[in-house]
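Sequential numbering of the sequence shown, starting at 7, is according to the working numbering.
The C-beta atom is built at its ideal place from N, Cα and C for all residues, glycine as well.
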Amino acid sequence: MTWDSIPQVAAILIAAIAAISDAIRGKIYNKFALSGLAISGLWLLSLALMDMAGKPPLLSRYPELGHLGAPPTVTVAQTTPAKPPERPKFMPWEEAQDVCVWPPPPSHDPVDVESPSAGDAASAPDQQQAPVWTEPGSFPVYLLKVILNAALALLVGFGLWWVRMWAAGDAKLFATLAAMLPLSTYHKAYWPIFPAYVLLFNTFLAMLAILLVELAYRAVRQALRPTEDEAAAWRQAVTWCRSHLLELATGFIGMLFLFIVIKTLRMVARQGLIALKEGARDMVGVVPNEVLSAPLEAISYLLQSNVVVYFILLLIFHPFARWMVRNRRAAYAITGATFAFLVLVAFFPYGEMTLEHALTMSGLMLALVFGLILYQLYVNVFDYRAVRIWELRPRMILSPRTMDVLKEDKDLLERKMGKVSPDGLDAEQVKVLRRWWIDRGRGSGSPAPSPSPLPSSPGPSSRSSPAAIWSGCEPRAPAGCFVRRAGVWVWTICIW
């Protein structure tokens, strides 16, 4: 076990304990996050002491974690091969004895030092090796990177909470895990700007995998032991897919079009940045080269980063798809431009723009659309259950069907209830809903319009419904919820 394995194991334990607490008590306590931050602080303190003693194990194995910027380029001078000894002079009648009629093996080709290639080798330019750091990294620089990573994780978590995809406990837990995990955890896919994006990305991948397995299990169970409630849920799922088919299809074409536009802008920006860098070099003496080259390098890195591209596409998928549905002329124009591009690269490939690359992009867009379909389908169809009005409790989250019913009474949502938190209903909102239900003359024995029980769970939720994605379990059977919640976070951390 290496030294950086200690906070990794601690992070897994914190995630598992938080999942158990979420399943049993319905919340993630702040003391879990504080405990994780304390463990992270103690581990960083031990790393600082090792650095002062001259034995930094982590920064010696991964020196790039303790440096800012790119490593210096190492230039290796190319040496001219030694000139072989001259052959002895033969008499004219003895020259044929030194000639072989069979060509020599490729690895034993004779080197003619008198040929022009020998002179070219002697004058060949120096070769540059891949830049690497040779000295261990600095602990203050590593500490700065850890703080920035945790701060960005907290900002991303707050943003996901703001758009009602995560509960507050999820955002705090994500930031805590980002602070606990050493930066060497992400060595297989390290992104200097925000290393913890790997944890975020794997969380969504794990969520989709778990939901796919769960839906397959429900389908098999329905085939073997059918129930009317489950059959109604699957019928509603088919209806939902049909009603959103146009939006999903236009979203796929729109995402493919945007991907093509981004790839084209990359090629144009790459050439423009090269020209700007050359201009920055020419201005040395007037403006320091680092003043211009550093921002240009950062812009170039962002343009070439697939992480940034996928994140942008994920954010604008639904707004762009809905805009295309509302604007048919724009949708037709985008569709035509996309298919025209595919025909163009099929017959006239240029650089990176080939038919194979276009098909690869199409596959990525299909995977994105499939993931969003699975996510939305589960949240809007499967992840809720009907409860009676007197069974409504604080921290439950209302399903989309319930919100559609409540929207009929604007005064209820705007004045009486107020905004529903991503963490669920509070006690006062539960009382308001009960009184509203009775005032509407529905009686205490009628079922409420499908509110979904929601303890705060470590996972995202739909924008249209604040119900957390793996929280639709009955309070009497928290084991299934625990498997889904713990499985996502623990498995996510284990597959870095």
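Check: Can you tell me which residues form a DSSP beta bridge with TYR356?; Outcome: MET359
Check: For the putative contact between LEU64 and SER190, defined by C-beta atoms under 8 Å, what is the C-beta separation to the nearest angstrom?; Outcome: 6 Å
Check: So within the stretch 155 to 222, which uninterrupted alpha helix (DSSP H) runs reach at least 4 residues, ignoring any that extend past its ends?; Outcome: 174 to 186
Check: State whether the stretch 393 to 403 contacts the stretch 419 to 439, with contact taken as three or more CB pairs (one from each stretch) at a distance under 8 Å.; Outcome: yes
Check: Please work out which residues of its chain come closer than 8 Å, Cβ to Cβ, to ARG440, disregarding the five sequence neighbours upstream and downstream, and give them in chain order.; Outcome: ILE395, TRP396 and LEU398
Check: Thinking C-alpha only, which one of MET261, ALA39, MET423 and LYS269 is nearest LEU372?; Outcome: MET261
Check: Does the beta-carbon distance from PRO188 to ASP415 come in below 9 Å?; Outcome: no
Check: Do GLY175 and ALA24 count as a contact pair if the criterion is CB distance below 9 Å?; Outcome: yes
Check: I need the straight-line Cα distance from ALA474 to PHE164, nearest angstrom please.; Outcome: Only weak support is given to the placement of ALA474: the predicted model assigns it a pLDDT of 30, under 50, and the value that follows is read from those uncertain coordinates. Cα to Cα, ALA474 sits roughly 15 Å from PHE164.
Check: For GLY430, which residues from the same chain have a beta carbon less than 6 Å from its beta carbon, with the 5 sequence-adjacent residues on both sides left out?; Outcome: ARG401, MET402, ILE403 and LEU460
Check: Quick check on DSSP: helix, strand or coil for ASP430?; Outcome: One detail in the question is off: residue 430 reads as Gly in this sequence, not Asp. Strand.
Check: Can at least three beta-carbon pairs, one atom from the stretch 342 to 357 and one from the stretch 221 to 236, be found at a separation below 8 Å?; Outcome: no
Check: Have a look at SER427, LYS425, GLY424 and LEU418 and flag the residue whose alpha-carbon is nearest the alpha-carbon of TRP442.; Outcome: LEU418
Check: Pull up the distance between the alpha-carbon of ARG67 and that of ILE34, whole angstroms please.; Outcome: 35 Å
Check: Considering only the beta carbon of each residue, do ALA202 and LEU158 sit closer than 9 Å?; Outcome: yes
Check: Look at LEU370 and LEU218 and say whether their C-beta atoms are less than 9 Å apart.; Outcome: no
Check: State the Cα-Cα distance for the pair THR366 and PHE353, rounded to the nearest angstrom.; Outcome: 17 Å
Check: Among GLY257, ILE266 and TYR338, which residue has its Cα nearest to the Cα of ILE322?; Outcome: GLY257
Check: Among ALA173, TRP168, LEU183 and PRO146, which has the Cα closest to the Cα of ALA156?; Outcome: LEU183
Check: Let's test the definition: count the other Cβ atoms within 10 Å of the Cβ of TRP168 and tell me whether it reaches 16, buried, or not, exposed.; Outcome: exposed
Check: When you compare only the Cα positions, how much space is there between LEU149 and LEU50?; Outcome: 8 Å
Check: Do you know offhand how far PHE180's Cα is from VAL204's?; Outcome: 12 Å
Check: Give the straight-line distance between the Cα atoms of VAL331 and SER405, rounded to the nearest whole angstrom.; Outcome: 25 Å
Check: At the level of alpha carbons, what is the spacing between THR8 and PRO198?; Outcome: 23 Å
Check: Would you report the Cα separation of ALA185 and ILE153, rounded to the nearest angstrom?; Outcome: 7 Å
Check: Could you tell me the distance, in whole angstroms, from the CA atom of PRO472 to the CA atom of SER46?; Outcome: With a pLDDT of only 29 at PRO472, under the threshold of 50, the placement of this residue in the model should not be trusted, and no figure is reported.
Check: If contacts are defined as beta-carbon pairs under 8 Å, then ALA39 and LYS178 qualify, I think. What distance do you get, rounded to the angstrom?; Outcome: 5 Å
Check: Run the CB neighbour count on MET58, radius 10 Å, all protein chains shown included, and call it buried at 16 or more, exposed below.; Outcome: exposed
Check: Quick check on DSSP: helix, strand or coil for LYS37?; Outcome: helix
Check: Can you tell me where the alpha helix (DSSP H) holding THR245 begins and where it ends?; Outcome: 234 to 249
Check: Going straight from the alpha carbon of GLU220 to that of VAL351, what length do you get?; Outcome: 40 Å
Check: In whole angstroms, give me the CA-to-CA distance for SER467 and GLY60.; Outcome: Residue confidence for SER467 is low, a pLDDT of 32 falling below 50, so the modelled location carries little weight; the figure read from the coordinates is stated next. Using only the alpha carbons, I get a separation of about 47 Å.
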